[in-house]
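Numbering (the working numbering), first residue to last: 64 to 680. Note that the Cβ used here is the ideal one computed from N, Cα and C, for glycine as well. Beneath this line is the structure, given in structure tokens, with notes to follow.
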Amino acid sequence: SLFAENAIASLLMNSELLPSLSDSNLLSRTTESFGTKSEIKNEETETVDNNVEEKCRKISRGRAGSMLPWDQFSNWIHCVCIVTFDLELGQAIELIYPPHVKLSEKEKTNICYLSFPDSNSGCMGDTVFHFRTCIKDTRNRSKVSNSFNKLCPPIMQVDGEMMFGFVFFRQVRDRSLKRGYFQKSFVILSKFPFFNLFYKLIDVIAPEYFENGEVTLEAVCNDINHWSPPHPGDSLTLPIMGSILYCRIPNKIDKPGSHIKVPVYNSSIPAPIVIPSIDEMELFECFSPILAHIHLLWELVITGEPIVVMSTSPTVCSQFVQALTSIIWPVRYCCDYRPFFTIHDTEMKEFTSQSHFPPSIILGVTNPFFAKTLQHWPHIIRIGDYTGAKALNTYKQKPKKAGNLKTLDSKPGLYTQYKPFLQKDKAVFGTIFQGVKNKRPGEVQSVLLRRHLLELTHSFMIPLERYMTTLMPLVKDINPFKSAPDLYPFNPDEFIRSLQVCGPLVTIGIKGKWEGLYRKFFRSKNFSGWYHQRYRDGCMKLRLLHLEALGDANFESWAEGRAEVEIVDMILRLKEEIDKNNHDNAIIGSDTVSKLRNNLKQIVTSLPEDLRNYIKL
Numbered sequence: 064s065l066f067a068e069n070a071i072a073s074l075l076m077n078s079e080l081l082p083s084l085s086d087s088n089l090l091s092r093t094t095e096s097f098g099t100k101s102e103i104k105n106e107e108t109e110t111v112d113n114n115v116e117e118k119c120r121k122i123s124r125g126r127a128g129s130m131l132p133w134d135q136f137s138n139w140i141h142c143v144c145i146v147t148f149d150l151e152l153g154q155a156i157e158l159i160y161p162p163h164v165k166l167s168e169k170e171k172t173n174i175c176y177l178s179f180p181d182s183n184s185g186c187m188g189d190t191v192f193h194f195r196t197c198i199k200d201t202r203n204r205s206k207v208s209n210s211f212n213k214l215c216p217p218i219m220q221v222d223g224e225m226m227f228g229f230v231f232f233r234q235v236r237d238r239s240l241k242r243g244y245f246q247k248s249f250v251i252l253s254k255f256p257f258f259n260l261f262y263k264l265i266d267v268i269a270p271e272y273f274e275n276g277e278v279t280l281e282a283v284c285n286d287i288n289h290w291s292p293p294h295p296g297d298s299l300t301l302p303i304m305g306s307i308l309y310c311r312i313p314n315k316i317d318k319p320g321s322h323i324k325v326p327v328y329n330s331s332i333p334a335p336i337v338i339p340s341i342d343e344m345e346l347f348e349c350f351s352p353i354l355a356h357i358h359l360l361w362e363l364v365i366t367g368e369p370i371v372v373m374s375t376s377p378t379v380c381s382q383f384v385q386a387l388t389s390i391i392w393p394v395r396y397c398c399d400y401r402p403f404f405t406i407h408d409t410e411m412k413e414f415t416s417q418s419h420f421p422p423s424i425i426l427g428v429t430n431p432f433f434a435k436t437l438q439h440w441p442h443i444i445r446i447g448d449y450t451g452a453k454a455l456n457t458y459k460q461k462p463k464k465a466g467n468l469k470t471l472d473s474k475p476g477l478y479t480q481y482k483p484f485l486q487k488d489k490a491v492f493g494t495i496f497q498g499v500k501n502k503r504p505g506e507v508q509s510v511l512l513r514r515h516l517l518e519l520t521h522s523f524m525i526p527l528e529r530y531m532t533t534l535m536p537l538v539k540d541i542n543p544f545k546s547a548p549d550l551y552p553f554n555p556d557e558f559i560r561s562l563q564v565c566g567p568l569v570t571i572g573i574k575g576k577w578e579g580l581y582r583k584f585f586r587s588k589n590f591s592g593w594y595h596q597r598y599r600d601g602c603m604k605l606r607l608l609h610l611e612a613l614g615d616a617n618f619e620s621w622a623e624g625r626a627e628v629e630i631v632d633m634i635l636r637l638k639e640e641i642d643k644n645n646h647d648n649a650i651i652g653s654d655t656v657s658k659l660r661n662n663l664k665q666i667v668t669s670l671p672e673d674l675r676n677y678i679k680l
């Protein structure tokens with residue numbers, strides 16, 4: 064096929080990066096990593112892992128042995144897994160690429176089960192969905208993640224112990240196979256929540272892999288290994304097997320609703336596949352079946368309530384869960400969530416136990432077994448097929464009582480006994496439901512819905528942001544000759560009293576028991592995550608102001624009459640602050656650093672000459 068030709072051409076174009084398979088030095092290096100052929104044969108067992116290693120060695124013999132740099136590839140993707148169905152073993156990993164990536168047995172088991180639909184719906188043909196699971200990156204890539212997290216919006220920050228799996232599952236009849244079906248999944252594992260990018264990526268790659276085999280995988284990974292690293296604020300042109308993906312990674316300073324600017328291309332090259340948003344789900348499409356409960360859902364999510372989403376489709380369930388976590392944007396959802404969860408997951412017992420209250424987590428499930436084992440959960444959402452027209456019938460729906468959901472075939476809706484603190488915004492509902500009648504495009508409906516939820520979250524958070532500023536010490540209270548001050552402690556009662564003057568009702572006009580909602584929010588992980596981030600930001604600001612005060616201080620007059628031990632302590636402190644600034648990627652400007660160095664030299668001159676010789680600047 065044309066795609067196969069592009070794959071081969073891509074490999075030839077980058078042939079300087081691929082060692083010759085006949086290279087004797089390469090063979091010796093490869094056997095150092097994997098052992099000689101006889102050693103490998105002797106060590107083979109009936110486990111799938113050896114088959115995986117052997118297959119990886121066969122298609123990428125040079126890469127593991129020669130330690131070809133995979134840094135660019137690893138900046139985007141942890142690895143690619145091919146998961147198949149084995150008659151004796153069940154789901155099994157057939158291939159891991161690049162081969163040097165190591166996964167624990169527990170991680171492999173979870174990936175195997177999460178990569179196949181977990182329901183009786185059949186899922187014939189192609190099914191695309193994603194999951195989130197615990198996978199620790201054993202490689203030291205914390206600096207890359209920390210740098211990304213500092214610049215990206217809070218909702219896109221990566222978690223060092225969690226990864227996303229983007230799945231393209233194919234199930235078709237094949238009489239040549241014993242089971243009568245071809246069942247295989249192409250899985251991309253990545254720490255980044257680039258849902259729309261990776262969905263598009265597997266949509267391009269997976270069908271060609273199933274048709275042309277491992278040469279496609281080799282070429283694709285080689286292309287990705289030439290991509291620029293993901294950096295918030297950058298617009299990227301990403302070549303992939305003859306196509307071009309164009310996207311932009313959001314920056315935390317972006318204005319809400321900002322759009323991607325598409326570059327102009329010559330007609331001589333292929334037009335890019337533009338991805339308008341790298342991470343946003345279509346909210347209206349996801350929530351149309353239960354749109355009348357969107358304010359109640361917002362309260363459940365922002366307060367970290369346990370929620371289970373039930374559907375017969377892994378696509379519907381995974382996208383709905385992901386959309387739920389985004390409705391409190393720009394606040395980061397700090398609780399755990401699993402867009403797709405199976406009965407085989409190693410954490411199943413923890414989540415299904417009825418001996419204690421469910422944890423703060425959102426689960427997406429498709430197996431009918433969960434309708435019974437999770438019926439004690441306080442909030443259950445049953446979702447059918449997506450269709451915007453159904454939104455018309457949901458305006459006057461009321462939540463059903465929790466515990467009434469006995470099977471996964473129960474009617475779609477929200478099952479809960481939760482009483483919301485806030486009233487609905489009827490004007491917004493009127494606009495959206497009128498749009499359904501007028502057949503307004505779903506994308507426009509999503510924009511309207513997202514804008515309203517953004518205003519709601521902003522109105523809720525503005526009083527908290529304003530109160531945090533009152534916890535900052537005054538600039539005049541910063542003494543350069545003492546330690547930098549800390550923020551004053553957060554006092555919930557004091558904050559509640561401040562709502563009488565400038566509460567959220569002033570900005571959005573939605574009536575309700577705001578005080579009760581805030582107190583519930585204070586007990587959630589979302590508040591803890593938000594507060595700790597603001598506390599760190601405040602401490603960093605105070606440290607910056609303290610360093611600037613140190614730079615402007617008169618150390619000559621301060622040193623007069625001081626004991627030598629005090630002066631030496633101050634010298635060590637100044638040196639430590641200068642060194643810290645170097646390690647923290649220069650949080651202060653060069654002018655302040657220059658002032659600190661001059662003050663350091665000045666204070667050293669105040670010491671006796673014999674003691675001065677022991678001071679190393």
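*Tell me whether Met219 is buried or exposed, calling it buried when 16 or more other Cβ atoms sit within 10 Å of its Cβ.*
buried
- Message: For the ligand ZN, is there any heavy atom lying closer than 7 Å to the beta carbon of Ala355?
- Response: Looking at this structure, you won't find the ligand ZN or any other ligand, since it has none at all.
Buried or exposed for Ile316, please, with buried defined as at least 16 other CB atoms from any protein chain shown within 10 angstroms of its CB.
Burial call: exposed.
In the region 536–589, which residue ranges form an unbroken alpha helix (DSSP H) of at least 4 residues, counting only runs that do not cross its ends? 555–565, 568–571 and 577–585
Return the first residue and the last residue of the alpha helix (DSSP H) that Tyr530 is part of.
Gly505 to Thr533
Exposure label - Arg124; buried when at least 16 CB within 10 Å:
Confidence at Arg124 is low in this model, with a pLDDT of 38, below 50, so the placement of that residue should be treated as unreliable; the coordinate-derived value is given next. Per the 10 Å Cβ criterion, buried.
_Buried or exposed by the 16-neighbour rule on C-beta atoms within 10 Å, applied to Phe420_ = exposed
Nearest neighbour of Ser340, chosen from Thr655, Ser306, Asp297 and Val379 [CA to CA] = Asp297
Identity of the residue in Glu277, Cys310, Val507 and Phe553 nearest Leu527 by Cα: Phe553
What residue does the beta strand (DSSP E) around His442 start on, and which one ends it?
His442 to Arg445
Cross-strand partners of Thr190 (DSSP beta bridge) = Phe232
Between the region 599–611 and the region 583–591, can you find at least three pairs of beta-carbon atoms closer than 8 Å?
The region 583–591, when compared against the region 599–611, does not touch it at the 8 Å Cβ threshold.
- Query: For Ser561, which option in Trp577, Met187 and Pro548 has the closest C-alpha, if you only look at C-alpha atoms?
  - Reply: Trp577
Q. Which value, in whole angstroms, describes the spacing of the CA atoms of Lys165 and Ser669?
A. About 58 Å.
From what residue to what residue does the beta strand (DSSP E) around Met344 run? That residue, Met344, is in no beta strand (DSSP E); it is neither H nor E in DSSP.
Subject >> Spatial neighbours of Leu663 in its chain, beta-carbon cut-off 8 Å, leaving aside the 5 residues before and after >> reply: Ile634, Leu637, Lys638, Ile641 and Leu680
Secondary structure of Arg606, DSSP reduced to three states: helix
**Where His595 falls, given that 16 or more other Cβ within 10 Å makes a residue buried** = His595 should be labelled exposed.
**Prompt:** Quick one: what's Gly153 bridged to in DSSP?
**Reply:** Asp149
Out of Val267, Asp549, Glu672 and Pro377, state which residue places its alpha-carbon closest to the alpha-carbon of Gly601.
Asp549
4 or more residues per run - each alpha helix (DSSP H) lying fully within the region 355–398 | 357–365 and 377–389
| said: Would you call the region 479–496 in contact with the region 352–368, where contact means no fewer than 3 C-beta pairs closer than 8 Å? | reply: yes
request  = Report the rounded CA-to-CA distance for Arg311 versus Asp556, giving the unit in angstroms.
outcome  = 42 Å
Cβ separation of Asp399 and Ile424, assumed to be a contact under 8 Å, to the nearest whole Å | 4 Å
Q: Compare the C-alpha of Val230 against each of Gln438, Ile443 and Thr378 and name the closest.
A: Nearest in C-alpha terms to Val230, of all of Gln438, Ile443 and Thr378, is Thr378.
| request: Consult DSSP for Ser167 and reduce its assignment to one of helix, strand or coil. | output: Of the three classes helix, strand and coil, the one that applies to Ser167 here is coil, per DSSP.
Practice prompt. Pull up the CB-CB distance for Tyr272 and Phe245, whole angstroms please, since I reckon it's below 8 Å.
Written response: 13 Å between Cβ atoms; not a contact.
Practice item. Pull up the DSSP beta-bridge partners for Ile307, would you. Key: Pro302
*Contact belief for Ile198 with Glu170 at Cβ below 8 Å, rounded distance in angstroms*: Distance from Ile198 to Glu170 at the Cβ level is roughly 5 Å; contact confirmed, criterion being Cβ atoms closer than 8 Å.
Practice prompt. Give the C-beta separation of Arg373 and Ile446 to the nearest angstrom, bearing in mind that I take them to be a contact with Cβ-Cβ under 8 Å.
Written response: In the sequence as displayed, the identity of residue 373 is Met instead of Arg. Confirmed, Cβ separation roughly 7 Å.
Margin query: Let's test the definition: count the other Cβ atoms within 10 Å of the Cβ of Asp540 and tell me whether it reaches 16, buried, or not, exposed.
Written below: exposed
field: Unbroken stretches of the alpha helix (DSSP H), 4 residues or longer, contained in the region 224–297
entry: 258–275 and 277–287
**7 Å Cβ shell around Gly505 - same chain, five flanking residues per side excluded** = Around Gly505: Glu345, Phe347, Glu348 and Gly451.
Taking the C-alpha atoms as reference points, what is the distance between Glu413 and Cys397?
19 Å
Indicate the three-state DSSP secondary structure (helix, strand or coil) for Lys435 in the structure shown.
helix
Exercise. Ignore the nearest five residues each way along the sequence and tell me which others in Trp392's own chain have a CB closer than 6 Å to its CB.
Key: Ile218
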